[in-house]
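> Going by the numbering used here, the letters in the sequence shown line up with residues 4 to 226, in that order. All residues carry an ideal CB built from backbone N, CA and C; glycine is no exception.
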Amino acid sequence: MQLQFGSRLQDPDIRHLFDMTDVIFDQPWLAGAEDFDLYFMFRDLYLSRADKEKLLAQGLRYDITIIPPAMLGKEYIKTAGHYHPLVPGGAVTYPELYEVLEGEALYLLQSEDHSDVAVVHASAGDKVLVPPGYGHVTINRSNKTLKMANFVARDFSSLYEPYRAKGGGAYFFTREGWIKNQRCSEASELRRMEAPDRASLDRLGLKKSQEMYPLLREAGRPG
Numbered sequence: 004m005q006l007q008f009g010s011r012l013q014d015p016d017i018r019h020l021f022d023m024t025d026v027i028f029d030q031p032w033l034a035g036a037e038d039f040d041l042y043f044m045f046r047d048l049y050l051s052r053a054d055k056e057k058l059l060a061q062g063l064r065y066d067i068t069i070i071p072p073a074m075l076g077k078e079y080i081k082t083a084g085h086y087h088p089l090v091p092g093g094a095v096t097y098p099e100l101y102e103v104l105e106g107e108a109l110y111l112l113q114s115e116d117h118s119d120v121a122v123v124h125a126s127a128g129d130k131v132l133v134p135p136g137y138g139h140v141t142i143n144r145s146n147k148t149l150k151m152a153n154f155v156a157r158d159f160s161s162l163y164e165p166y167r168a169k170g171g172g173a174y175f176f177t178r179e180g181w182i183k184n185q186r187c188s189e190a191s192e193l194r195r196m197e198a199p200d201r202a203s204l205d206r207l208g209l210k211k212s213q214e215m216y217p218l219l220r221e222a223g224r225p226g
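Given below as structure tokens:
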């Protein structure tokens, strides 16, 4: 799979099933499964050299991830799950801003100590902020391809090991609904949330009807 973004044809980084064996819920299914491509990550995208320079100046990266529909045995297809490291010299971790471009997503957000676990249902046009101190898994719960974009700081490496160590996120989304991860017994009850409404997006300078990519061109302009 390739992605046409502006005038450039992009090749992805590919996450395969066998990259995620530690975080799959249905281990009996996995034992007999063959490897296949789960999702496709197109990183560090820009439409023009000027946009690239703005992203570099702001220390940001713009990515697009494509997750085709699939079942991982009993579980809906998902991303591997990761946390972000602390901002250098600070006491908080890096945030991340997501946008659903096509399809539907469930964003499973969990604090590092699992004292807060929430799921946000988002559809095309919705924006979802992963706040500092939270890890996240993205799930494609539909029979349509999920295409989503994100803005994130460019100079850090995501932390996957906490999810691997627990065998996945605090909850798994399956054909039977949400199932708590037995290795996360300390996790709070799952909170269900809707994506930010129009008023909330307005406060962030965002609109459901407009993609967030052009925001990078607004940075630094007088308000």
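Whose C-beta lies closer than 7 angstroms to the C-beta of Pro165 among residues of the same chain, with five residues either side of it excluded?
Tyr86, Gly138
> Which residue marks the beginning of the beta strand (DSSP E) containing Ala156, and which one marks its end?
149–156
> Quick one: Cα of Glu37 to Cα of Lys77, how far?
16 angstroms
> Can you give the Cα-Cα distance for Glu221 and Gln61, rounded to whole angstroms?
12 angstroms
> By how many angstroms is the C-alpha of Ile80 removed from the C-alpha of Arg144?
Annotation: Arg144 to Ile80 spans about 7 angstroms, alpha carbon to alpha carbon.
> Distance check for Asp205 and Pro225, CA to CA, integer angstroms please.
Model confidence at Pro225 stands at a pLDDT of 37, short of 50, so the residue's coordinates are unreliable; what they give is reported in the following sentence. The alpha-carbon atoms of Pro225 and Asp205 are separated by roughly 17 angstroms.
> Cutting at 7 angstroms between CB atoms, please list the residues of its own chain near Gly223, excluding the five before and the five after it.
Annotation note: pLDDT 48 at Gly223 (below 50); position unreliable, no value reported.
> To the nearest angstrom, how far is it from the Cα of Ala73 to the Cα of Leu20?
The alpha-carbon atoms of Ala73 and Leu20 are separated by roughly 11 angstroms.
> Please classify Asp38: does DSSP put it in a helix, a strand, or coil?
Three-state DSSP puts Asp38 in coil, outside helix and strand.
> Check for me: the alpha helix (DSSP H) holding Asp205 runs from which residue to which?
201–206
> Quick check on DSSP: helix, strand or coil for Gly226?
Because Gly226 sits at a pLDDT of 37, beneath the cut-off of 50, its placement in the model cannot be relied upon, and the point is left open.
> Just to confirm the assignment, what range does the alpha helix (DSSP H) spanning Asp54 have?
52–61
> If I'm right that Val131 touches Ala125 with Cβ under 8 angstroms, what's the distance once you round it to whole angstroms?
5 angstroms
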